[in-house]
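According to mature numbering (1 follows the signal peptide of the UniProt record, and there is no 0), the residues represented by the sequence shown are -23 to -1, 1 to 856, in order. C-beta atoms are modelled at their ideal positions from N, C-alpha and C, and glycine is treated no differently. Remember, predicted model here, so these are calculated numbers, not experimental data. All remarks here apply to the structure that follows.
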Amino acid sequence: MYDFVLLLPLFLLSSFLLINVEAIGQTTCVSFSSNGSSFPVVQNGVATQVFISPDEWPGVQRAASDFVSDINLVAQVKPALSNITASEATTNVSKAIIVGTLGTSTLIDQVVNNTGLDVSSIRGLWEAFIGQEVDNPLPGVDSAYVIIGSDKRGTIFGMYDLSEQFGVSPWYWWADVVPTNHSELFITPPGCSHGSPTVQYRGIFLNDEQPALTNWAFEKFTNGPGGLGTATPANGTGSPFQSEFYTKLFELILRLKGNYLWPAQWASAFCVDDPLNQPLADLYGIVMGTSHEEPMMRSIPVEWSLFGDGPWDYNVNAQNIYNFWVQGIQRAKPYEGLYTIGMRGDGDLPLIGGIQLLEQIIKDQRGIFSNIFNTSDVTTIPQVWTLYSEVEGYYEEGLSVPDDVALMWTDDDYGNMRRYPVASERNRSGGGGVYYHVDMGLQSTQLSKMYEQLSLAVTRNATRVWVLNVGDLKPYEREIEYWLSLSWDSSLWSPDNVDDFVQAWAQREFKLDSSDAAMVAEVVANLTRYNARRKPELLNSTTYSLINYREADRVVEQWDALANASTAIYNKLASDLQPSFFQMVQHPVLASQTLGKMLVFAGQNNLRASQARLSTNDLADQVQQLFEKDYDLEVEYHSILDGKWDHMMDQTHVGYYYWQQPMANTMPAVNRVQSRKQALPGVMRIVPEGSLGAWPGDDQFDCALGYNCPSPTVILDSFNPFGNVFIDVGSGGPVSFTWNATVNATWLELSTPSGSISPDSPEQRVFLSIPDWSQVPVSAGNLAQVTFTAVAPNQSDLVVPVMVQAQNTKEQVPSNFTGFVESMGVVSFEAAHAIRNTSVADIFWKELPGLGRTLSGVTPWPRDGDNGANFSAGTGPSL
């Protein structure tokens, strides 16, 4: 793990999360009014000029241009950016901002010499920076705020850190976040500084990028059919992922303090699609890599299909594959990279040959490094091996991996890490890493889950490289930022401030007050919680129970409440703020609500068809309407901002038949009953809560035989969490009727004793309750009868009795009882509500707010308590 320097104590976290909501997870050093000792960036309409040295890294010079443009976006005045040497700085300006990299910028080195500024805290570190005001830094300059990086990215991060605090979101282009305007900008003492990050290589992987991201990029950046851009689709691949696209992405990654990228690869080849891609990445300061199936900086399968010879099988085609890899390393050598090694089979499938073949492959690949880099010490060349799928099994079986190679541990594609480094693996010189997914489903990754999994990676020293599979990038803006914030400085985050992150994010992106930001945090928490219960692509019409615990009905109520809460915030926003909110909150909520309700209603439709209920048709209509609404939401997303994000929601997502995306969105199957024909049993259908059957008439769920079944029975328990049970009175056809219900027990109460049913209003729900259990005789077999009678024109009255069993044992919960009460044979409680939390060796069970399907989760705490030792069964902390 990389050491932290220059950090405020953790107890100050809440203050620098809240003082300046323009920045998230940073020590705040920006104010918008002078306090007498602050350094002016913009004051009285005048911007302090920025100096940078001509011999500075090109990427730093490019970022400095962004920096002055950011100031202009916020304050509507642009500082002069001057490329000057130390001898040229005799401009007699009172103040300046001086930016540069220690040991590279002669201007910065001169400032350090002139002022005696102590830079020992960052010298030689990875991506660290300091910011501080100094007096008389250069001839003719009275004072300056200096931003000094330990290396080029440290300097870049020092500038972007301030840009965000000034009011420019990292997502200003990618999510259309409106910059916050301030007429004056100041930097407060002692300035902003940061040591090396928690994770050395912090990046994302564009994956499964067809059709959405690919179609969008083709339209926006190329001059191909339907394209609005200027670039010609790449020769040989037709890829739109060329330098104009990647420069936007490189900038975003750096603004988020990332540094590493696995580029799009389904039908693209980063280094082939545009000869500028790789040198531009290096100029920006992005470390390039390739995914777990693409060794030696070659894009698979595209480059092999274009330039390879023979099968992708090292057993029979080793020399051709070896030569292919040689060319990849030769091409990448001039640039900064973290090289993926190893090999998987064709199509990202298991490699035929197992451990012995893989060890030979690694030996050959390291020989290539030695030859191309002309060194016998290949440990100086950064390498990573992703232990994905069967490769992890090979490792467990004894596959030998050189100690200097980073071992990247993976999740199961659904956010659950398969394993972490054990004690013997935590001190490997190559370190460990994490490969994690958020691209499966509509925003279904809970940030609390991400924290829980990644904080374990930190304590187990898997901090060399983290890569997040982000699919099409959008709509995972929030997850990407949280991922990179954790990897930048994990010490700032805890299980208890996940909502603080989201609130600060909402205030920065949507200019909300603290109350509305808290509401957005609740919306986001519920959105990801509901989607994480069962990822959207795995939902079907029977995922949620249609008869037990009112589960399906409660799921619909939750989705509706969530959509209402999100819409209330959206409607309060100024029109220029609505597009970003729609992209990052409103659309994910409405799209998830639409899909969730569509599938629940399809399940209810199918059930009601089997119950001969006319409302079957109403549910079929609602499913159809929701299916159309799903596409309407896609069109709305594609239409905002004059179609800026056209195609970004092209991904099909309704009607999965297996893991792969459906080739077309397919509405879930629904049934209809003949609306003009009466059901055989008569005009009325009676369906008690918890039953798949319906009365009167024959139904396989009414009894074992399915015919000549007895009257239905419902049970009321004095500890029933709902306090009642219900009976649905429904229509069996086109005939309108009135109904009434009579009760033969004084202790039983109905919510309504009568009503009217018609084709336009085919259902009514009647709740049965016992207001005073003391009036119920003490007997487990207490029975009452509710008699439902339907009266229809020209038909005999239809009578359906329902038996009600009241389970009253006269037992009362003692006033001094602490615990949980059984009802209907079930005891249910949240883990966090456990009445006993027994610690061992100062390790206890800590609540993780927001984790899980309902309230929260629990985990042993502290993370590295007892030095990570295991307890034998029955001896550890317990709940």
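Taking 4 residues as the minimum length, the alpha helix (DSSP H) runs contained wholly in the segment 264 to 328 are 279 to 284, 295 to 309, in order along the chain. The beta carbon of residue 119 sits closer than 6 Å to the beta carbons of 71 from its chain, once the five residues preceding and following it are set aside; these are given in chain order. Annotated three-state conformation of residue 127 is coil, per DSSP.
Rounded to whole angstroms, the gap between the alpha carbons of residue 821 and residue 502 is 25 Å.
Counting only runs of at least 3 residues, the segment 758 to 833 fully encloses the following beta strand (DSSP E) elements, listed from N- to C-terminal order: 775 to 785, 821 to 826.
Under the Cβ criterion (8 Å, minimum of three pairs), the segment 710 to 730 counts as touching the segment 758 to 767. Residue 594 sits in a helix when the DSSP states are folded into three classes.
When secondary structure is reduced to three states using DSSP, residue 39 falls in the helix class. Sequence-distant partners of residue 424 (beyond 5 residues in either direction) whose C-beta falls short of 6 Å from its own C-beta, in its chain, are 459, 475. The beta carbon of residue 676 sits closer than 6 Å to those of 670, all from its chain and outside the five residues before and after it, given in chain order. Between the alpha carbons of residue 192 and residue 469 lies a gap of roughly 38 Å.
Taking the Cβ atoms as the reference, residue 206 lies roughly 5 Å from residue 199, within the contact range of under 8 Å. Contact between residue 150 and residue 225 is confirmed by a C-beta separation of about 6 Å, below the 8 Å threshold.
Taking the Cα positions, residue 247 is about 24 Å away from residue 348. Shortest Cα-Cα distance from residue 741 to any of 543, 727, 809 involves 727. Between the alpha carbons of residue 545 and residue 841 lies a distance of about 43 Å. Residue 97 sits in coil when the DSSP states are folded into three classes, being neither helix nor strand. The alpha-carbon separation between residue 731 and residue 745 amounts to approximately 13 Å. Note on the segment 202 to 262: whole alpha helix (DSSP H) runs with a minimum of 4 residues are 220 to 232, 247 to 250, 254 to 261, in chain order.
Nearest Cα to residue 542 within the set 524, 494, 585, 560: 494. The segment 174 to 193 makes contact with the segment 235 to 244, as at least three CB pairs between them are under 8 Å. Per DSSP, residue 635 lies in no alpha helix (DSSP H) segment and is marked neither H nor E.
When the Cα atoms are used, residue 269 and residue 186 turn out to be separated by approximately 16 Å.
Beyond the five residues adjoining it in sequence on each side, residue 801 comes within less than 6 Å, by CB distance, of 694 in the same chain, given in chain order.
Linking residue 228 to residue 157 through their CA atoms gives a straight-line distance of about 19 Å. Sequence-distant partners of residue 649 (beyond 5 residues in either direction) whose C-beta falls short of 6 Å from its own C-beta, in its chain, are 594, 597. Residue 854 sits in coil when the DSSP states are folded into three classes, being neither helix nor strand. Residue 322 and residue 332 do not touch by the CB rule: their CB atoms are close to 14 Å apart, not below 8 Å.
With fewer than three CB-CB distances shorter than 8 Å, the segment 636 to 643 does not count as touching the segment 681 to 698.
One alpha carbon belongs to residue 42, the other to residue 341, and they sit about 44 Å apart.
Look at residue 494 here: in three-state DSSP terms it is helix.
Taking 8 Å as the cut-off, the beta carbon of residue 135 is found closer than this to the beta carbon of residue 106. When C-beta atoms of the segment 158 to 176 are compared with those of the segment 565 to 584, fewer than three pairs fall below 8 Å, so the two segments do not count as touching.
The three-state secondary structure of residue 746, taken from DSSP, is strand.
A contact is defined here as three or more CB-CB pairs under 8 Å, and the segment 554 to 567 meets this definition with respect to the segment 477 to 491. Taking 8 Å as the cut-off, the Cβ atoms of residue 360 and residue 316 count as close.
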